[in-house]
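Trainee: With this note's numbering as the guide, the letters of the sequence shown map in order to residues 2 to 466.
Heads up, the beta-carbon is just placed ideally off N, CA and C, and yes, glycines get one too.
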Amino acid sequence: MGCAGLFLDKITVKLPPMPLAVTWISLADSPHPADLNLSPFLWQFPPLLLGLILSSIVATSFAYIQIASKKPLGTLYRWKQIDYAYPTPQARQAAISTGQFNQLNVIPLGVERWKDRVFISTPRWKSGTPATLSSVPIGAQTESPPLEPYPNWNWHNADNCTGFTSVFRMAIDHCGVMWVLDSGQVDAFEAPRQLCPPTLYAINLATDTVIGRYPLPSQFVLQNSLITNIVVDSRDVRCRDLHVYIADAWRFGLIVFRNEDTSFWRFGHYSFYPEPLLSNYTLHGLNYQWSDGLFGMSLGKYHQGDRPLYYHSMSSSLEFVVSTSVIRDPTRVSNSVGEFKLLGDSRGANGQVSAAAVDRNGVMFFNLISRDSIGCWDTRKPYTNRNLVVVAQNNNTMIFPNDLRIDHEVPQMAWIITNRLPMYQFNLINPNDYNYRVMYLDPVAAVQNSVCQPEISLSDNQDMM
2 MGCAGLFLDK ITVKLPPMPL AVTWISLADS PHPADLNLSP FLWQFPPLLL GLILSSIVAT
62 SFAYIQIASK KPLGTLYRWK QIDYAYPTPQ ARQAAISTGQ FNQLNVIPLG VERWKDRVFI
122 STPRWKSGTP ATLSSVPIGA QTESPPLEPY PNWNWHNADN CTGFTSVFRM AIDHCGVMWV
182 LDSGQVDAFE APRQLCPPTL YAINLATDTV IGRYPLPSQF VLQNSLITNI VVDSRDVRCR
242 DLHVYIADAW RFGLIVFRNE DTSFWRFGHY SFYPEPLLSN YTLHGLNYQW SDGLFGMSLG
302 KYHQGDRPLY YHSMSSSLEF VVSTSVIRDP TRVSNSVGEF KLLGDSRGAN GQVSAAAVDR
362 NGVMFFNLIS RDSIGCWDTR KPYTNRNLVV VAQNNNTMIF PNDLRIDHEV PQMAWIITNR
422 LPMYQFNLIN PNDYNYRVMY LDPVAAVQNS VCQPEISLSD NQDMM
């Protein structure tokens, strides 16, 4: 590994718009030019031409350069430690001096993309996280850009429940509204404090304005609830018929928000619980136990007035499904046990999955957190091991792929946060390593010639999970 690596935009077409897969060359995790012992005259070439030259030179020394390959995974940004865009160096130093900012304690968790920006959450799990929701431009001219607190610094006073307390994850609807899930809890890995009720925010990304604030009613937030993840189900062109599905990983519930009248209700079901044997994890020699229930959720394709919600507990190897027509109806809360169904086979040992998302072609992508991998499944096919495929895997750059979202662009791209979360929890983060990454995956190219490609059946030589 090199010192700093080559940066994406210096060798590709300018972003946005998103470049085609054949021109997207990510060298963020490749050797630095200085390590290649190249003649200085090379650096006088135009950036695009230089990129083509370098790609041929380093291709033999770095296996993850992807140029129109069948599994095009790349790194947009990477950080050893997270930094923020303070208004002045003096303001940054003052925050460090007072303990408001402690780089070792900041971890990126959630990711979303809208047009020319990527949004990143940094929950306040340990003291010293000055802002909990930020943005970075897709075309930043550095591989480790500082995070810009979003919408601005004023929203990040942790002791004021009118602003953000500790954001976990976000989901953007097709109308350009970002729905933000704020847990309201700080210092979860130190001395947990519930400062504010868990709250759902709506932000208009065209104006960077908070247009809605919806605290979750206390009757739906149980003692020790951990409100962790959201997906947005918007149906009509103007996003009027909109629901948000919210996962409670520690008290095993599914909370539904209806935007039309700002009402909430909650479902409980035994499929929201963890599997005991899958609550024991081993990752790169670190053994730990998590008993996280309902976590990952993804929406299938809309068909005849309905669409499925696929879901799973994190500490589980099983995938389940329920029709959204059921969970969108509050009268079904107490009479819907049989509507939540097992989807198919177990993913087996080390089959724990964090986030998942389904693209426009009906292909689900999911993060295999104990395997440093991303898997796929064509939702038209049975959920069997023969139909589950690993499309990306790397034991260095993909340690604990945590969040995964698919954007609304044409063509679509999947965005992944990898963050070594277990190492962070147990204070094992090495500040000299690249610990955190925003990665991208071309969903169409990733499944080429695999069983995840729509209308392709499994062949005898297909690589499987």
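1. Compute the Euclidean distance between the alpha carbons of Phe-367 and Asp-262, then round it to the nearest angstrom.
2. Using the Cα positions of Ala-248 and Ile-256, report the straight-line distance between them to the nearest angstrom.
3. Given 8 Å as the limit, is there contact between the segment 232–250 and the segment 302–316, that is, 3 or more CB pairs closer than that?
4. Express the C-alpha separation of Val-119 and Asp-408 in angstroms, rounding to a whole number.
5. Please identify the residue among Val-354, Ser-347, Val-364 whose C-alpha is closest to the C-alpha of Asn-386.
6. Classify Ala-64 as helix, strand or coil using the three-state DSSP reduction.
7. Would you call the segment 290–298 and the segment 316–323 in contact, with 3 or more CB pairs under 8 Å?
8. Can you tell me whether DSSP reads Tyr-274 as helix, strand or coil?
9. Looking only at DSSP bridge pairs, what is Thr-419 linked to?
10. Since Ile-228 sits in a beta bridge, which residues does DSSP pair it with?
11. Among Leu-134, Ala-96, Ile-139, which residue has its Cα nearest to the Cα of Lys-116?
12. Just checking my contact of Met-365 with Ser-299 at CB under 8 Å: how many whole Å lie between their CB atoms?
13. Are the CB atoms of Val-323 and Leu-344 nearer to each other than 8 Å?
14. Measuring straight from C-alpha to C-alpha, what distance separates Leu-223 and Arg-252?
15. Is the beta carbon of Gln-353 closer than 8 Å to that of Ile-370?
16. Can you find at least 3 beta carbon pairs, one from the segment 190–204 and one from the segment 123–134, that sit closer than 8 Å?
17. Compare the C-alpha of Pro-73 against each of Val-359, Asn-431, Gln-454, Val-392 and name the closest.
18. Beta carbon of His-157, beta carbon of Phe-169: below 8 Å?
19. Should Pro-90 go down as buried or exposed, given a rule of 16 or more other Cβ atoms within 10 Å for buried?
20. Whole angstroms are fine: how far does the CA of Asp-379 sit from the CA of Asn-362?
21. Verify whether the separation of the beta carbon atoms of Leu-227 and Pro-423 is less than 8 Å.
22. Could you give the first and the last residue of the continuous alpha helix (DSSP H) run that contains Ser-326?
23. Is the Cβ of His-244 closer than 8 Å to any Cβ of chain B?
24. Run through DSSP, which three-state label would Ile-430 get?
25. For Phe-442 versus Ile-400, is the C-beta distance shorter than 8 Å?
26. Taking C-alpha atoms, which residue in Val-232, Arg-259, Phe-268 lies nearest to Arg-241?
Mentor: Reading it off the structure:
1. To locate residue 367, count along the sequence shown from 1; it is residue 366. To locate residue 262, count along the sequence shown from 1; it is residue 261. Each residue's alpha carbon lies about 32 Å from the other.
2. On the sequence shown, position 247 is the one that residue 248 refers to. On the sequence shown, position 255 is the one that residue 256 refers to. Rounded to the nearest angstrom, the two C-alpha atoms are 6 Å apart.
3. yes
4. Counting from one through the sequence shown, the residue named residue 408 turns up at place 407. Counting from one through the sequence shown, the residue named residue 119 turns up at place 118. Near 10 Å, if we compare the C-alpha coordinates of Val-119 and Asp-408.
5. Start at 1 with the first residue of the sequence shown, and residue 386 comes out as number 385. Nearest of Val-354, Ser-347, Val-364 to Asn-386, Cα basis: Ser-347.
6. Walking along the sequence shown from the start, residue 64 turns up at place 63. Caution applies to Ala-64, whose pLDDT of 27 falls short of 50 and renders its modelled position unreliable; the value that the coordinates give is listed next. Coil.
7. yes
8. As a working note, residue 274 is residue 273 in the sequence shown. Reduced to three states, the DSSP call for Tyr-274 is coil.
9. As a first step, residue 419 is located in the sequence shown; it is residue number 418 there, counting from the start. Beta-bridge pairing links Thr-419 to Pro-402, Arg-438.
10. Counting from 1 along the sequence shown, the entry for residue 228 is found at position 227. Ile-228 is bridged to Asp-249.
11. As a working mapping, residue 116 is identified with position 115 in the sequence shown. Ranking Leu-134, Ala-96, Ile-139 by Cα distance to Lys-116 puts Ile-139 first.
12. By 1-based counting over the sequence shown, the position of residue 365 is 364. By 1-based counting over the sequence shown, the position of residue 299 is 298. Right, their Cβ atoms sit about 6 Å apart.
13. Here residue 323 refers to the residue found at position 322 when the sequence shown is read from its first residue. Here residue 344 refers to the residue found at position 343 when the sequence shown is read from its first residue. No, the Cβ-Cβ distance between Val-323 and Leu-344 is not below 8 Å.
14. Along the sequence shown, one-based indexing puts residue 223 at 222. Along the sequence shown, one-based indexing puts residue 252 at 251. Answer to the nearest angstrom: the Cα atoms are 7 Å apart.
15. Translated into the one-based positions of the sequence shown, residue 370 becomes position 369. Translated into the one-based positions of the sequence shown, residue 353 becomes position 352. For Ile-370 and Gln-353, yes; Cβs fall inside 8 Å.
16. yes
17. The residue labelled residue 73 in the question sits at position 72 within the sequence shown. Nearest of Val-359, Asn-431, Gln-454, Val-392 to Pro-73, Cα basis: Val-392.
18. Here residue 157 refers to the residue found at position 156 when the sequence shown is read from its first residue. Here residue 169 refers to the residue found at position 168 when the sequence shown is read from its first residue. No, Cβ-Cβ distance for His-157 and Phe-169 is not below 8 Å.
19. The sequence position of residue 90 within the sequence shown is 89, counting from 1. So Pro-90 ends up on the exposed side.
20. As a working mapping, residue 362 is identified with position 361 in the sequence shown. As a working mapping, residue 379 is identified with position 378 in the sequence shown. Cα-Cα distance, rounded: 8 Å.
21. Locating residue 227 in the sequence shown gives position 226, counting from the first residue. Locating residue 423 in the sequence shown gives position 422, counting from the first residue. Cβ atoms of Leu-227 and Pro-423: not closer than 8 Å.
22. As a position in the sequence shown, residue 326 is number 325, starting the count at 1. Note, Ser-326: alpha helix (DSSP H), 325–328.
23. The chain inventory of the structure shown lacks chain B, comprising one protein chain alone.
24. Here residue 430 corresponds to residue number 429 of the sequence shown, with the count starting at 1. Ile-430 falls in the coil class under three-state DSSP.
25. Position 441 of the sequence shown, counting from 1, holds the residue named residue 442. Position 399 of the sequence shown, counting from 1, holds the residue named residue 400. Sequence inspection shows Leu at residue 442; the Phe mentioned does not correspond to that position. Their beta carbons are not under 8 Å apart, which means Leu-442 does not touch Ile-400 by this criterion.
26. Within the sequence shown, numbered from 1, the residue matching residue 241 stands at position 240. It is Arg-259.
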